[in-house]
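Have a look at the structure below before the remarks.
Residue numbers (my numbering): 814 to 1218.
Structure, rendered in structure tokens:
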């Protein structure tokens, strides 16, 4: 009976012990003697200039759930002075050893939890909003997920080492795409060595930021740019962030080239940007872009160089249209100035999304001209106009008149 009771107490005690609890070290030299495949986790705070952070980071460093999440990693508590004298520099150097702080141009802030693999490479960090009110359970969960991400990345790198050519390049790119992790060291050179001609497109995808054209964009027509940008947005090798960046670049290009005349396309790319990730900064900005940069073609204002629709793009005539009953309607274009003459190729009447009637004569407005559409009883009459002015022939203005014949 006593033996059974003793065994039960041992099992209960074992269940309360942390699994593979992390080791703590005061300096890099001490950590070196204890480091293993789970690497290092540094808890860094501003010393002498951020007292609140010192208390928060120290509490995290000692929190049981954080220690448990750290597993077998070596934990270090690192005070970071703001303006260091020689003695402070020497102290920090002794503490950090060969472990570097995040690069000055990276998106980090202190306080931070910085995580290193066993070679000393920074593979992730937790900072910014997450550290404003760093609740121990939430930070512990983040640490666990980032450590799992590292194992995933290492497994992909191991698989890549067993392959060659384009297949290896694809695996190396995949290793760069593990969520919230930094790229493996020298991965760009490794991809280039595996696929020197970049037949897989992985090197281009790795280096893609917001457009595949570079400075060539300055000498290209807008229509040509849009073709290439659509390819970039559809490229399966690009991340959601890269695709959103491409949408933002496209919106900015349209805005600079044709102003509000590109409203239809600005709206299209803004909606794409939002659909890719509504919760991101770019996703949240999409509605503001549409509101401020896509006013459209207004019936009461007519057209002008900054509102003339893009060449060949059917564009809705917005506002309250004087179309209320069935019958034949005249849509009259009255030019009022500008160096160029407006060219119109189509006027179409819709009931909602259903085409009712269209007039597809091509007219250059050297003087006022009229298009005619035949309407039926409609719940939601809409007029779409297609202009055919090239990018360098947009200096034209005029007004619309709609009346029943």
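A virtual CB, placed ideally from N, CA and C, is assigned to each residue, including glycine.
**Message:** If contacts are defined as beta-carbon pairs under 8 Å, then residue 1178 and residue 1146 qualify, I think. What distance do you get, rounded to the angstrom?
**Reply:** 6 Å
**Prompt:** Over what stretch of residues does the alpha helix (DSSP H) that includes residue 1083 continue unbroken?
**Reply:** 1076–1089
**Cβ neighbours of residue 1238 in the same chain (closer than 8 Å, five flanking residues each side left out)** = There is no way to answer for residue 1238, as the model of the chain reaches only from 814 to 1218.
**Request:** Excluding the 5 residues preceding and the 5 following residue 958 in the sequence, name in chain order all residues of the same chain whose CB lies nearer than 8 Å to its CB.
**Result:** For residue 958, where only same-chain residues beyond five positions count, the Cβ hits under 8 Å are 993.
**Asked** From residue 930 to residue 1046, what distance separates their C-alpha atoms?
**Response** 34 Å
**Residue interval of the beta strand (DSSP E) (run including residue 848)** = Careful: residue 848 lies outside any beta strand (DSSP E) and carries neither H nor E.
**Message:** Going by DSSP in three states, residue 817 sits in which element: helix, strand or coil?
**Reply:** Its pLDDT being 42, under 50, residue 817 is placed unreliably by the model, and the measurement read from it follows with that caveat. Looking at residue 817 - three-state DSSP - the assignment turns out to be helix.
**Request:** Report yes or no: do the stretch 851–863 and the stretch 914–926 share at least 3 C-beta pairs separated by less than 8 Å?
**Result:** yes
**Asked** Secondary structure at residue 1161, three-state DSSP: helix, strand or coil?
**Response** strand
**Asked** Do residue 1157 and residue 1209 have their C-beta atoms within less than 8 Å of each other?
**Response** no
**Message:** Give the list of continuous alpha helix (DSSP H) stretches no shorter than 4 residues that lie fully inside the stretch 889–945.
**Reply:** The DSSP assignment places 899–909 as complete runs of the alpha helix (DSSP H) inside the stretch 889–945, in order along the chain (cut-off: 4 residues).
**Asked** What does residue 1037 pair with, by DSSP beta-bridge criteria?
**Response** Beta-bridge pairing links residue 1037 to no other residue.
**Item:** Same chain only: Cβ atoms within 6 Å of residue 891, ignoring 5 sequence neighbours per side
**Value:** 855, 857 and 908
**Item:** Nearest residue (CA-CA) to residue 777, options 997, 840, 1164 and 1192
**Value:** Because residue 777 is not part of the residues shown, which for the chain are 814 to 1218, the question remains open.
**Prompt:** How do the stretch 1168–1175 and the stretch 1001–1020 stand: do at least 3 beta-carbon pairs fall below 8 Å, yes or no?
**Reply:** no
**Request:** Please report the Cβ distance between residue 1181 and residue 1135, rounded to the nearest whole angstrom; I am assuming they are in contact, meaning their Cβ atoms lie under 8 Å.
**Result:** About 18 Å separates the two Cβ atoms, so there is no contact after all.
**Request:** Reducing DSSP to helix, strand and coil, say where residue 1101 ends up.
**Result:** In this structure, residue 1101 counts as helix in the three-state DSSP scheme.
**Asked** If we ignore side chains and look at the alpha-carbon of each, how far apart do residue 1111 and residue 985 end up?
**Response** Roughly 51 Å between the two C-alpha positions.
**Prompt:** Are the beta-carbon atoms of residue 981 and residue 973 separated by less than 8 Å?
**Reply:** yes
**Prompt:** Are residue 1201 and residue 1125 close, meaning C-beta to C-beta below 8 Å?
**Reply:** yes
**Message:** Cutting at 6 Å between CB atoms, please list the residues of its own chain near residue 1072, excluding the five before and the five after it.
**Reply:** 1119
**Prompt:** For residue 824, which residues of its own chain have a beta-carbon under 7 Å away from its beta-carbon, when the five flanking residues on both sides are left out?
**Reply:** Since pLDDT at residue 824 reaches only 38, below the 50 mark, its modelled position is unreliable, and the value read off the structure follows with that caveat. Excluding residues within five positions, none has a Cβ falling inside 7 Å.
**Prompt:** Below 8 Å between beta carbons: does that hold for residue 1197 and residue 1143?
**Reply:** Not a contact, by the Cβ cut-off of 8 Å.
**Same chain, Cβ closer than 6 Å to residue 836, five either side skipped, listed in chain order** = A distance below 6 Å between beta-carbons, with the five flanking residues on each side excluded, links residue 836 to the following residues of its chain, in chain order: 847 and 887.
**Request:** Rounded to whole angstroms, what's the CA-CA distance from residue 1222 to residue 995? Just pull it up for me.
**Result:** Residue 1222 falls outside the range modelled here, since the chain spans only 814 to 1218, and no answer is possible.
**Prompt:** Looking at the structure shown, is residue 870 part of a helix, part of a strand, or coil, going by DSSP?
**Reply:** In this structure, DSSP gives residue 870 a helical state, which the three-state scheme calls helix.
**Message:** By alpha-carbon positions, which one of 860, 906, 880 and 879 ends up nearest to residue 782?
**Reply:** This structure cannot speak to residue 782, because the chain is shown only from 814 to 1218.
**Request:** For residue 1144, write down the residues that DSSP places opposite it in a beta bridge.
**Result:** Answer by DSSP bridge pairing, in chain order: 1184 and 1215.
**CA-to-CA distance, residue 849 to residue 950, given in whole angstroms** = 24 Å
**Message:** Quick test of your reading: residue 1050 and residue 1088, contact by CB under 8 Å. State the CB separation rounded to the nearest angstrom.
**Reply:** So it is not a contact: roughly 19 Å between Cβ atoms.
**Message:** Report the CB separation of residue 1012 from residue 979 in whole angstroms; it is logged as a contact under 8 Å.
**Reply:** 6 Å
**Request:** Give me the Cα-Cα distance between residue 921 and residue 938, rounded to the nearest whole angstrom.
**Result:** 8 Å
**Message:** Measuring only the C-alpha atoms, how far is residue 1074 from residue 947?
**Reply:** 47 Å
**Asked** Taking Cβ positions, are residue 868 and residue 859 nearer each other than 8 Å?
**Response** no
**Prompt:** Looking at the structure shown, is residue 1021 part of a helix, part of a strand, or coil, going by DSSP?
**Reply:** coil
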